[in-house]
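Undergrad: One structure is given below, represented as structure tokens, and several questions about it will come after.
Number of protein chains: 2
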Amino acid sequence: MKFCSACGQSVAQKVPAGDNRPRYCCDSCGAIHYENPRLVVGTVPVLGRQVLLCKRAIEPRYGYWTLPAGFMENGEAVSEGAARETLEEAGAVVDIGALFSVLDVPHVHQVHVFYLAQMRSADLDPGEETLEARLFDEADIPWDELSFATVKTTLRWFFEDRAAGRLPEPAAAGQAPSGFSPHQKAMLPPQRR
Amino acid sequence: MKFCSACGQSVAQKVPAGDNRPRYCCDSCGAIHYENPRLVVGTVPVLGRQVLLCKRAIEPRYGYWTLPAGFMENGEAVSEGAARETLEEAGAVVDIGALFSVLDVPHVHQVHVFYLAQMRSADLDPGEETLEARLFDEADIPWDELSFATVKTTLRWFFEDRAAGRLPEPAAAGQAPSGFSPHQKAMLPPQRR
Numbered sequence: 524m525k526f527c528s529a530c531g532q533s534v535a536q537k538v539p540a541g542d543n544r545p546r547y548c549c550d551s552c553g554a555i556h557y558e559n560p561r562l563v564v565g566t567v568p569v570l571g572r573q574v575l576l577c578k579r580a581i582e583p584r585y586g587y588w589t590l591p592a593g594f595m596e597n598g599e600a601v602s603e604g605a606a607r608e609t610l611e612e613a614g615a616v617v618d619i620g621a622l623f624s625v626l627d628v629p630h631v632h633q634v635h636v637f638y639l640a641q642m643r644s645a646d647l648d649p650g651e652e653t654l655e656a657r658l659f660d661e662a663d664i665p666w667d668e669l670s671f672a673t674v675k676t677t678l679r680w681f682f683e684d685r686a687a688g689r690l691p692e693p694a695a696a697g698q699a700p701s702g703f704s705p706h707q708k709a710m711l712p713p714q715r716r
Numbered sequence: 524m525k526f527c528s529a530c531g532q533s534v535a536q537k538v539p540a541g542d543n544r545p546r547y548c549c550d551s552c553g554a555i556h557y558e559n560p561r562l563v564v565g566t567v568p569v570l571g572r573q574v575l576l577c578k579r580a581i582e583p584r585y586g587y588w589t590l591p592a593g594f595m596e597n598g599e600a601v602s603e604g605a606a607r608e609t610l611e612e613a614g615a616v617v618d619i620g621a622l623f624s625v626l627d628v629p630h631v632h633q634v635h636v637f638y639l640a641q642m643r644s645a646d647l648d649p650g651e652e653t654l655e656a657r658l659f660d661e662a663d664i665p666w667d668e669l670s671f672a673t674v675k676t677t678l679r680w681f682f683e684d685r686a687a688g689r690l691p692e693p694a695a696a697g698q699a700p701s702g703f704s705p706h707q708k709a710m711l712p713p714q715r716r
């Protein structure tokens, strides 16, 4: 960051009053530009005994297999973002289940979050960011061609939990999934005070 | 956003090629400035049967009581941020427990995440953002003077779960907490490929 996005003048890094770490500050208009981690939200889409993976059509990791996931957008809930990315990247319609993994990736200022998800059908329609979307049996997972460590770790946990009978049951319509999920809620805007 | 933070020229909202929603784009240098939700991370700090709340010394909601929480910073894990905020706002040293609540606040582009946390002692040392930090019995929680809906909801879930015997046990040293927590891991930087 070199320029203030509010007024266009130069910014410099310094510690604002009352703060304890350097921020990009604008001497001209006084704006402080905070930089914070971004959420990458995705799913482990399951149909029967198979898991859906997408072959990436974009960098980084072009040509490697991934779970459908992408940056959470303003205005949506975490689980909505996960379902949206699954639809955009694979054309798969899913019902969101338990919050399954939360992976800190501090060196790139990201947090990756994956939900278990039930696919409604085997219908797929890969988007522009995907070369190919495919259902895999556990024995066929391309472990050496996975895109990111968070994807590999999440898939490993999934198959370990499934083998041990620890996966939460898919939720009945309108009910919370069983098993290891924290409380979750989408808040509505407050009435004006 | 009015100006490009990379080159200082004017930006305009438009849908970039291959995208499906408007972003701030710079015609001059080609930069695309994405805006994404921010994580607010905090704890439910517990000592015996009491819960720690902080009276806010900053806007918004000056003078209202809150659970210690704040914006996650680059370079830290979610749980590290939650412990840091608890230390900064209340001077309380905690051991982080189960991931307890994930609350979407889409109208302000935030996700609030609270961990259960065990206080190591009753020692408190409120920081600049806190007028007062205090331990409360359930009967004394100032429900009508709480800062945010996410704080109220998280506290309500906490006392409901405690009354029903559903709270996960505090973890033994070095072990994961029992109960409803998704898998969590902090990833290390990859070796250069």
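Line by line, the protein sequences are chains A and F. Under the working numbering, the first residue of the first sequence is numbered 524, with each subsequent residue one higher. Under the working numbering, the first residue of the second sequence is numbered 524, with each subsequent residue one higher. Heads up, the beta-carbon is just placed ideally off N, CA and C, and yes, glycines get one too.
(1) At a cut-off of 7 angstroms, is His-556(F) close to the ligand ATP when judged by its beta-carbon and the heavy atoms of the ligand?
(2) Within 10 angstroms of its Cβ, does Pro-629(F) collect 16 or more other Cβ (buried), or is it exposed?
(3) Can you tell me the Cα-Cα spacing of Ala-606(F) and Arg-679(F), whole angstroms?
(4) Taking buried to mean at least 16 other C-beta atoms within 10 Å of its own C-beta, is Met-524(F) buried or exposed?
(5) How many angstroms separate the CA atom of Arg-572(A) from the CA atom of Arg-546(F)?
(6) Taking its Cβ as the centre, do 16 or more other Cβ atoms sit within 10 Å of Glu-612(F), making it buried, or is it exposed?
(7) Any beta carbon of chain F sitting closer than 8 angstroms to that of Arg-544(A)?
(8) Distance cutoff 8 angstroms, beta carbons only. Does Pro-700(A) sit that close to anything in chain F?
(9) Starting from Phe-682(F), follow the alpha helix (DSSP H) in both directions and report where the run begins and ends.
(10) Can you tell me whether Arg-716(A) is helix, strand or coil according to DSSP?
(11) Could you name the residues that DSSP lists as bridge partners for Ser-770(F)?
(12) Starting from the C-beta of Val-569(A), find all residues in its chain whose C-beta is less than 8 angstroms away, skip the five residues before and the five after it, and write them out in chain order.
(13) Could you check which residue in Leu-669(A), Met-595(A), Ala-535(A) has the C-alpha nearest to that of Gly-586(A)?
(14) At 3 residues or longer, what runs of the beta strand (DSSP E) sit wholly inside the segment 585-621 of chain F?
(15) Would you kindly work out how many angstroms separate the C-alpha atoms of Ile-555(A) and Cys-549(A), rounded to a whole number?
(16) Quick check on Cys-527(F): buried or exposed, where buried means 16 or more other Cβ atoms within 10 Å of its Cβ?
(17) What does Arg-561(F) touch in chain A if you count any residue whose Cβ is under 7 angstroms from its own?
(18) What in chain F is Cβ-close to Ala-529(A), meaning under 8 angstroms?
(19) State the beta-bridge partners of Asp-627(F) as determined by DSSP.
(20) Would you list, in sequence order, the uninterrupted beta strand (DSSP E) runs of no fewer than 3 residues that lie entirely inside the segment 650-674 of chain F?
(21) Taking only beta-carbon positions, decide if Ala-627(A) is within less than 8 angstroms of chain F.
(22) Give the range of the beta strand (DSSP E) segment to which Val-534(F) is assigned.
(23) For Leu-622(F), go through chain A and note every residue whose CB falls closer than 7 angstroms to its CB, in chain order.
(24) Below 9 angstroms on C-beta distance, what does Gly-598(A) contact in chain F?
(25) Do you know how far the Cα of Thr-589(A) is from the Cα of Ile-664(A)?
(26) Out of curiosity, what's the CA-to-CA distance linking Ser-644(A) and Arg-584(F)?
(27) Run through DSSP, which three-state label would Tyr-557(F) get?
TA: Concretely, from the data shown:
(1) Annotation note on the ligand ATP: not contained in the displayed structure, which lists no ligands.
(2) buried
(3) 21 angstroms
(4) exposed
(5) 39 angstroms
(6) buried
(7) yes
(8) For Pro-700(A), the predicted model reports a pLDDT of 49, less than 50, meaning its position is unreliable and no value from the coordinates is stated.
(9) 672-686
(10) Because Arg-716(A) sits at a pLDDT of 42, beneath the cut-off of 50, its placement in the model cannot be relied upon, and the following sentence gives the value as read from the coordinates. Note: Arg-716(A) maps to coil in three-state DSSP.
(11) As displayed, chain F neither begins before 524 nor continues past 716, which places residue 770(F) out of reach and without an answer.
(12) Leu-575, Leu-639, Ala-640, Gln-641, Met-642
(13) Leu-669(A)
(14) 592-594
(15) 6 angstroms
(16) buried
(17) Asn-559
(18) Met-524, Lys-525, Phe-526
(19) Ala-709(A), Val-634(F)
(20) 653-659
(21) For the record, residue 627(A) in the displayed sequence is Asp; it is not Ala. It does; some Cβ of chain F falls within 8 angstroms.
(22) 534-537
(23) Val-625, Pro-705
(24) Pro-560, Pro-629, His-630, His-632
(25) 11 angstroms
(26) 47 angstroms
(27) coil
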